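Here the sequence shown is numbered in our numbering, starting from 2 and rising by one per residue.
All C-beta atoms in this analysis are idealised placements derived from N, C-alpha and C, irrespective of residue type, glycine included.
All figures in this text were calculated on a predicted structure; none of them were measured in a lab.
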Amino acid sequence: MEYILVPTDFSKSAFNALEYAIEVAKVFKSKVLVLNTFEKPASGSSSMMRIVDKMESLADDELFSLQRAIREKELDKEVEIEYKHLHGSIYSGVKYEVKRRDIGLIIMGSTGASGLKDIFLGSNAFDVISKTDYPVMAIPPKAKFKRIKNIIFATDFDLKCENDNLPVIFELTKNLGAKLTLVNIQTDNTNFKKTRDNADKFFNICKDQLKGIDYEYHYILENDIAEGINKAYQNNDADLLVMIKKSRSLIDYIFRKSITKCLVKEAKLPLLTLSK
2 MEYILVPTDF SKSAFNALEY AIEVAKVFKS KVLVLNTFEK PASGSSSMMR IVDKMESLAD
62 DELFSLQRAI REKELDKEVE IEYKHLHGSI YSGVKYEVKR RDIGLIIMGS TGASGLKDIF
122 LGSNAFDVIS KTDYPVMAIP PKAKFKRIKN IIFATDFDLK CENDNLPVIF ELTKNLGAKL
182 TLVNIQTDNT NFKKTRDNAD KFFNICKDQL KGIDYEYHYI LENDIAEGIN KAYQNNDADL
242 LVMIKKSRSL IDYIFRKSIT KCLVKEAKLP LLTLSK
């Protein structure tokens with residue numbers, strides 16, 4: 002991937018995500034594109050146009066200050082960083098840029114205060130995660146980049162839904178030299194025999210792709226999916242959680258549950274979401 006895209010609202014959370022993205026960019030030898038967006042007032046009156054001009058001026062000033070902070074911390078020594086601001090929502094800005102550039106990953110900050118649905122810029126950023134077809138990594142405020150040694154992949158062993166994303170997960174694991182722990186959450190409604198059969202098919206089909214990867218898999222008994230993911234995170238000392246978005250309703254459920262312990266109370270675990 003040529004670029005990692007980092008939306009920013011110039012908050013501390015966004016700056017922390019940018020620092021994290023720069024470290025990830027070093028691993029993948031990618032450039033970083035920092036994107037700020039703001040929406041124009043609906044009215045086209047002269048007074049509104051003056052407000053737009055002021056907003057643009059403020060955005061330019063903030064981007065300049067951000068560049069200076071990056072230079073002062075010498076974060077741009079090994080990574081090429083570009084800065085841009087656009088009119089419109091954060092989702093429209095992201096959508097515009099991913100069509101124009103080779104962007105392999107979007108990294109953005111989360112507030113960590115009331116769950117992933119309250120990622121900075123509120124519902125607009127939630128739209129980025131729930132609607133975009135690109136991988137999105139959400140970075141909690143307390144998460145600092147360290148070598149990613151263990152990746153947790155929450156899976157149903159459903160190749161129809163997950164097959165397109167498996168090469169991304171396997172390549173990421175190999176590039177990082179990480180261990181891959183696949184976890185399946187079993188609830189009272191789960192057909193365990195069907196899940197085991199699916200797992201057998203999964204590993205048989207993926208055996209060549211898994212060569213060279215240190216991996217293991219676990220079943221976790223927990224009726225609450227979010228709590229089951231919590232257990233997987235805590236029991237396996239994870240550095241990154243990966244989930245595939247199978248539907249907006251499912252990802253919205255997970256986000257509303259906030260994956261409470263690992264993403265809100267402890268607020269240290271980055272979450273990578275991939276599209277079905």
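Beta-carbon spacing of residue i, residue j below 8 Å
i	j	result
N185	D165	no
L36	V80	no
I140	G110	yes
I214	K175	yes
F146	L211	no
D159	N190	no
K32	E83	yes
I71	D77	yes
D240	I152	yes
Length of the line joining the Cα atoms of residue i and residue j
i	j	result
L34	K85	7 Å
A144	F16	12 Å
K27	L183	26 Å
F154	L273	9 Å
Q235	I245	20 Å
D291	T38	Residue 291 cannot be examined here, being either before or after the span of the chain that is shown, 2 to 277.
R197	I230	19 Å
A233	Q187	12 Å
V243	K13	24 Å
L122	E223	Annotation note: pLDDT 36 at L122 (below 50); position unreliable, coordinate value reported separately. Computed Cα separation, rounded: 33 Å.
S115	L19	Residue placement at S115 is poorly supported in this model, since its pLDDT is 40, which falls under 50; the coordinates still yield a value, given next. Their backbone Cα atoms lie some 21 Å apart in a straight line.
A22	I5	7 Å
N192	D225	16 Å
K161	K74	45 Å
A227	H219	16 Å
A179	L87	36 Å
K194	N237	25 Å
D134	K202	26 Å
P271	F204	26 Å
E163	L173	15 Å
L279	R148	No answer is possible for residue 279: the residues shown for the chain start at 2 and end at 277.
M138	D54	32 Å
Span of the beta strand (DSSP E), counted from its first residue to its last, around residue i
i	result
K246	L241 to K246
D198	First-last for D198: F193 to I206, but that is the alpha helix (DSSP H), not the beta strand (DSSP E).
P8	Y4 to P8
V184	K180 to Q187
L211	Counting along the chain, L211 falls outside any beta strand (DSSP E), and DSSP gives it neither H nor E.
E83	I82 to H88
L273	L272 to S276
L106	I104 to G110
N151	N151 to A155
Residue span of the alpha helix (DSSP H) that contains residue i, given as start and end
i	result
A144	No alpha helix (DSSP H) contains A144, which DSSP labels as neither H nor E.
G229	I226 to N236
V35	Run containing V35: none in the alpha helix (DSSP H); it sits in the beta strand (DSSP E), K32 to F39.
P168	L167 to L177
Y97	I91 to R101
Y135	Segment: none, Y135 is in no alpha helix (DSSP H) and carries neither H nor E.
E79	Note, E79: premise wrong, no alpha helix (DSSP H); not H, not E.
E163	L160 to E163
N17	K13 to F29
Presumed contact (8 Å Cβ cut-off) between residue i and residue j, rounded CB distance
i	j	result
L167	C207	6 Å
P136	I107	7 Å
E40	G89	6 Å
I104	M2	7 Å
L275	V169	6 Å
Residue i at chain D interface by Cβ criterion, 8 Å
i	result
H86	This model lacks chain D altogether, as it is built from one protein chain only.
Okay, do the region 87-106 and the region 63-79 touch, 3+ Cβ pairs below 8 Å being the bar? no
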